[in-house]
Ligand SMILES: CC(C)(COP(=O)(O)OP(=O)(O)OC[C@H]1O[C@@H](n2cnc3c(N)ncnc32)[C@H](O)[C@@H]1OP(=O)(O)O)[C@@H](O)C(=O)NCCC(=O)NCCS
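Numbering (my numbering), first residue to last: 2 to 379.
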């Protein structure tokens, strides 16, 4: 207890800081649902467009509603020419998450709903940002490689269009389904660090683009969304299945933090990791890169046996994204492309029942002391 009677809870572990109708996360039993629908059903049977509608409106869309949401998402895919010009001015080695954060800020400057925080304006902004984020990620990637952006294709779904804008070729139905399900699996996850950031910014009555720019910054870190890239770099470092044992022993002996393992809330297992494991197996087999899946499975077994650590969502998404042809430093932007649905839904929810988020800190610095003028300081 500090002097004012509050209790210090490091990392806010176990603190309940909001009410939500969006995400039901049962960490003890390893279960996750969006608005009451089990994540497994949504990943397997719904499209990302349906999941966006669900998170923004609280209900799965009817066929007519889905049609309207899909048409509106397609209509919002273009990004301002100035943003593409800005990509060309950025250093070639600009981290794609930095470029994404700058993109969100620039999209905010041009958004017709500006700083209007009404529900109607926020729903329009959520939809536009979801579409434009995908276009911005792919356009920045193309420009940094000295290529022209691939224009959005109005006849493709959100997932297929993303892959088409990234590579310039139309993906197969199997690849599209795997990518679409990944976006759904990443779409929402209660008060993770980036969503909490978006809610904290929103709680000051700031606007959606400002909140999302903050969320992108939080997601970038390796303890959060940045873990996926680190997992793939680990798998590439291991290189062959035969090297897993030596790598594991050394990493354990050095007490390394193993990316893609552990979770603050899930104790029994992360249900998203179980689904992604199956998807990674299939995608690695289909793409002729099965060894990345095999290395991941063996590493999972070794680390779990030694430390009882569970793989989290970012563990099996790494070999999955790699086998789908996504460049490693775009893994975190891809997660943002999914999480934008949840960020925007949380921002809308926060605006509708807002209280400033303002916790306290326990002061541990020097005691009160007399001020020393500059010319008297040693
Ligand atoms: C996600 C994460 C930050 C949660 O951390 P947390 O709830 O703050 O838990 P802590 O970091 O306090 O870890 C608790 C214990 O488990 C260990 N641990 C947790 N995750 C670990 C990991 N990935 N590798 C090695 N040890 C780990 C810690 O060393 C600590 O052990 P100790 O009590 O003996 O010191 C943590 O598991 C982690 O860093 N994972 C790797 C990054 C990652 O995959 N992030 C994506 C999350 S979806």
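Ideal Cβ placement from N, Cα and C applies to all residues, glycine included.
These numbers come from a predicted model, not from an experiment.
- Between residue 180 and residue 164, the C-beta gap is smaller than 8 Å, which places the two residues in contact.
- In the three-state reduction of the DSSP assignment, residue 113 falls in the coil class.
- Residue 35: member of the beta strand (DSSP E) spanning 32-35, first to last residue.
- Distance from the CA atom of residue 296 to the CA atom of residue 302, rounded to whole angstroms, is 10 Å.
- Secondary-structure assignment with DSSP links residue 25 through a beta bridge to 34.
- In terms of side-chain proximity, the C-beta atom of residue 303 is found no nearer than 7 Å to any non-hydrogen atom of ligand 1.
- The C-beta distance from residue 93 to residue 145 rounds to 6 Å, short enough to fall under 8 Å.
- Its Cα nearest to that of residue 192, the residue 18 stands out among 222, 18 and 6.
- A residue is listed when its beta-carbon falls short of 7 Å from at least one non-hydrogen atom of ligand 1; in chain order these are 12, 14, 223, 224, 225, 228, 257, 258, 259, 260, 261, 262, 263, 264, 265, 308, 310, 313, 314 and 315.
- Sixteen is the threshold: since fewer than 16 other Cβ atoms of the shown chains lie within 10 Å of the Cβ of residue 241, the residue is exposed.
- The DSSP assignment places no complete run of the beta strand (DSSP E) inside the stretch 67-152 (cut-off: 3 residues).
- In this structure residue 344 is not in contact with residue 185, their Cβ atoms being roughly 15 Å apart against a cut-off of 8 Å.
- When only Cα atoms are considered, residue 325 and residue 294 end up about 13 Å apart.
- For residue 334, the three-state secondary structure derived from DSSP is helix.
- Under the three-pair Cβ rule at 8 Å, the stretch 257-269 does not count as touching the stretch 329-346.
- Note that the stretch 225-233 touches the stretch 333-341; at least 3 beta-carbon pairs, one per stretch, sit closer than 8 Å.
- Under the DSSP assignment, residue 238 falls in the alpha helix (DSSP H) whose first and last residues are 228-239.
- For residue 312, the beta-bridge partners assigned by DSSP are 262.
- Taking C-beta atoms under 8 Å as the contact rule, residue 351 and residue 218 fail to qualify, at a distance of about 18 Å.
- Where residue 50 is concerned, the enclosing alpha helix (DSSP H) starts and stops at 49-58.
- Residue 178: member of the alpha helix (DSSP H) spanning 174-187, first to last residue.
- By alpha-carbon distance to residue 213, the top candidate from 206, 205 and 196 is 196.
- Residue pairing for residue 39: DSSP places it in a beta bridge opposite 34.
- DSSP places residue 197 in the uninterrupted alpha helix (DSSP H) bounded by 194-203.
- If the five residues before and after residue 123 are omitted, its C-beta is found closer than 7 Å to the C-beta atoms of 209, 348, 349 and 352, all from its own chain and listed in chain order.
- Ranked by how close their Cα comes to the Cα of residue 38, the residues 30, 56 and 28 have 56 in first place.
- Out of 151, 175 and 174, the CA that lies nearest to the CA of residue 168 is found in 151.
- Using a Cβ-Cβ distance cut-off of 8 Å, the stretch 312-328 and the stretch 276-291 are in contact, since at least three pairs of beta carbons, one from each stretch, lie closer than that value.
- Residue environment for residue 372: exposed (fewer than 16 other C-beta atoms within 10 angstroms of its C-beta).
- Rounded to whole angstroms, residue 231 and residue 282 show a C-alpha spacing of 19 Å.
- A contact is defined here as three or more CB-CB pairs under 8 Å, and the stretch 56-65 fails this definition with respect to the stretch 103-122.
- At a Cβ-Cβ threshold of 8 Å, residue 74 and residue 132 count as neighbours.
- A distance of 8 Å or more separates the beta carbons of residue 183 and residue 7.
- Here residue 98 has 217, 221, 333 and 334 as same chain residues with Cβ atoms under 7 Å from its own Cβ, once five neighbours each way along the sequence are excluded.
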